[in-house]
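Okay, structure first, notes after.
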Amino acid sequence: MSELTEYRFSFGPWNISEGADPFGPEVRSPYSLEEKLDWYRPLGFEGVQFHDDDVVEGLNDLEHLQIMKRAREVGHALRDRGLTPEFVAPRLWFDPRTIDGGYTSNDAAQRKYALDRSIKAVDVAREVGTPNIVLWLAREGSYIRESKDAKTAYQRILDAVNLLLEYDEEIQVWIEPKPNEPMDHAYVPTIGHALALAYQSVDPARVSGLIETAHAVLAGLDPSDEMAFALAHDKLASVHLNDQNGLKFDQDKSFGAANLRSAYNQVRVLERSGYGRRGEFIGLDVKAMRTQSQESSTAHLSNSRALFLHLLDKVRSADQQLEQELIAARDYEALEAYTLCLLLGVPTDASSPRVETPATAVQHA
Ligand code: 3MF
Ligand code: MG
Numbered sequence: 001m002s003e004l005t006e007y008r009f010s011f012g013p014w015n016i017s018e019g020a021d022p023f024g025p026e027v028r029s030p031y032s033l034e035e036k037l038d039w040y041r042p043l044g045f046e047g048v049q050f051h052d053d054d055v056v057e058g059l060n061d062l063e064h065l066q067i068m069k070r071a072r073e074v075g076h077a078l079r080d081r082g083l084t085p086e087f088v089a090p091r092l093w094f095d096p097r098t099i100d101g102g103y104t105s106n107d108a109a110q111r112k113y114a115l116d117r118s119i120k121a122v123d124v125a126r127e128v129g130t131p132n133i134v135l136w137l138a139r140e141g142s143y144i145r146e147s148k149d150a151k152t153a154y155q156r157i158l159d160a161v162n163l164l165l166e167y168d169e170e171i172q173v174w175i176e177p178k179p180n181e182p183m184d185h186a187y188v189p190t191i192g193h194a195l196a197l198a199y200q201s202v203d204p205a206r207v208s209g210l211i212e213t214a215h216a217v218l219a220g221l222d223p224s225d226e227m228a229f230a231l232a233h234d235k236l237a238s239v240h241l242n243d244q245n246g247l248k249f250d251q252d253k254s255f256g257a258a259n260l261r262s263a264y265n266q267v268r269v270l271e272r273s274g275y276g277r278r279g280e281f282i283g284l285d286v287k288a289m290r291t292q293s294q295e296s297s298t299a300h301l302s303n304s305r306a307l308f309l310h311l312l313d314k315v316r317s318a319d320q321q322l323e324q325e326l327i328a329a330r331d332y333e334a335l336e337a338y339t340l341c342l343l344l345g346v347p348t349d350a351s352s353p354r355v356e357t358p359a360t361a362v363q364h365a
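Going by the working numbering, the first residue of the sequence shown is number 1, and it counts up by one from there.
As structure tokens, then:
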């Protein structure tokens, strides 16, 4: 085995938030972008993920030169702090013109707005210093099935991806699938859908995927298997590690907070596939609980990163030969017991792994 991967971590400035939810307003005061950038290195992060308007606030109301000037300033602010821009994503879901979708709106003028705004995001990305464009297709879906022609919608999403690829031959497009929220159903719900679009595009080599844990769980799928699918196609460009407690609103919980074993398996598939060796980031998309004070509103970031590294230790210390022997013997109970003991940090008999009763257990008569 060659040298161990040194993982690099990233998150987006929206991950340091003020605690608003659909039922209540902000409970913490905002930090400026520059103040947030100051947090990155001390928290152990090197990569910065952006929406286009995280870089240039209010860009819809600015002229091209003003947009470029601000993007250049942010590029300098990154370099001054030793930070790398990982990607820029057009925020297509906020403007009144995208109420019923961006690329898939039924209104031609509104589709044009979405395409123009996406082109602006490419310009911002290039100026801030990254060729990577993320498409989270938030409102490309329907509230009711009859409201849009789904087949036409798929073609429109493909046309939009192609337009971006043709606008700038250097950019990479990373599609971040999500099955629902804000829409009832989204048109690109899984990585399989995203990669089908990639292969159909005018330049498949430049289209890949970004997988978010919570989005895979919301689709009823196993996040590590979703990652494995993309890795098998060499199309896992980035990840949004977080966690999700069942089928409800997108929670963006700290990594590992709802399902430690699933988190272990995500780290395991990334590590064993050599993810990160070409500089891919371990990206987070995590939300501070609304109950957090101002002072502790970045703890979810350092906790998630640290948890990844703890699980990485587990993955690296796992006895792969034993795992192979148990698989060959088809003793999956033993393999499961071995995995659980590894996660708990309790010893188990390597010749026949099982979960031992703890010595401290109260013995009932
Ligand atoms: C929504 C998301 C988004 C994307 C972001 C970058 C607000 O569920 O996950 O975060 O990650 O827009 O693509
Ligand atoms: Mg995300």
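From the three backbone atoms N, C-alpha and C, an ideal C-beta is built for every residue, glycine too.
Tell me whether the beta-carbon of residue i lies closer than 8 Å to the beta-carbon of residue j.
i: residue 62; j: residue 48; result: no
i: residue 54; j: residue 33; result: yes
i: residue 198; j: residue 136; result: no
i: residue 133; j: residue 167; result: no
i: residue 160; j: residue 52; result: no
i: residue 237; j: residue 209; result: yes
i: residue 75; j: residue 129; result: yes
i: residue 326; j: residue 335; result: yes
i: residue 343; j: residue 264; result: yes
i: residue 176; j: residue 212; result: yes
Kindly identify the DSSP beta-bridge partner or partners of residue i.
i: residue 85; result: 48
i: residue 282; result: 9
i: residue 173; result: 133 and 207
i: residue 240; result: 212
i: residue 185; result: 142
i: residue 253; result: 243
In the structure shown, what three-state DSSP assignment does residue i receive?
i: residue 367; result: Residue 367 lies beyond the stretch modelled for the chain, which goes from 1 to 365, so this question has no answer here.
i: residue 225; result: helix
i: residue 1; result: Any reading at residue 1 is ruled out, since the residue's pLDDT is 49, under 50, leaving its predicted position unreliable.
i: residue 191; result: helix
i: residue 166; result: helix
i: residue 276; result: coil
i: residue 295; result: coil
i: residue 15; result: helix
i: residue 233; result: coil
Relative to the C-alpha of residue i, which residue among the options is closest?
i: residue 242; options: 10, 3 and 4; result: 10
i: residue 275; options: 197, 120 and 231; result: 231
i: residue 188; options: 167, 155, 171 and 165; result: 155
i: residue 138; options: 165, 131, 180 and 113; result: 180
i: residue 85; options: 64, 93, 95 and 73; result: 73
i: residue 354; options: 342, 337 and 321; result: 337
i: residue 221; options: 190, 255, 202 and 24; result: 190
i: residue 244; options: 147, 344 and 258; result: 258
i: residue 298; options: 35, 111, 21 and 200; result: 35
i: residue 239; options: 323, 226 and 141; result: 226
i: residue 279; options: 46, 27 and 42; result: 46
i: residue 147; options: 287, 83 and 184; result: 184
Return the chain-ordered ranges of every beta strand (DSSP E) run that is complete within the stretch 20-74 and spans a minimum of 3 residues.
Listed in chain order, they are 47-51.
List in chain order: all unbroken alpha helix (DSSP H) runs of 4+ residues lying wholly within the stretch 88-164.
Inside the stretch 88-164, DSSP marks whole alpha helix (DSSP H) runs of 4 or more residues at positions 108-128, from first to last along the chain.
Using the beta-carbon of each residue, find all residues closer than 6 Å to any heavy atom of the ligand PLP and list them in chain order.
Looking at this structure, you won't find the ligand PLP anywhere; what it does contain is the ligand 3MF and the ligand MG.
Please give the ranges of any alpha helix (DSSP H) in the stretch 308-364, keeping only runs that are unbroken, at least 4 residues long and fully inside the region.
Taking 4 residues as the shortest admissible run, the stretch 308-364 contains the following complete alpha helix (DSSP H) segments, listed from N- to C-terminal end: 320-328 and 332-344.
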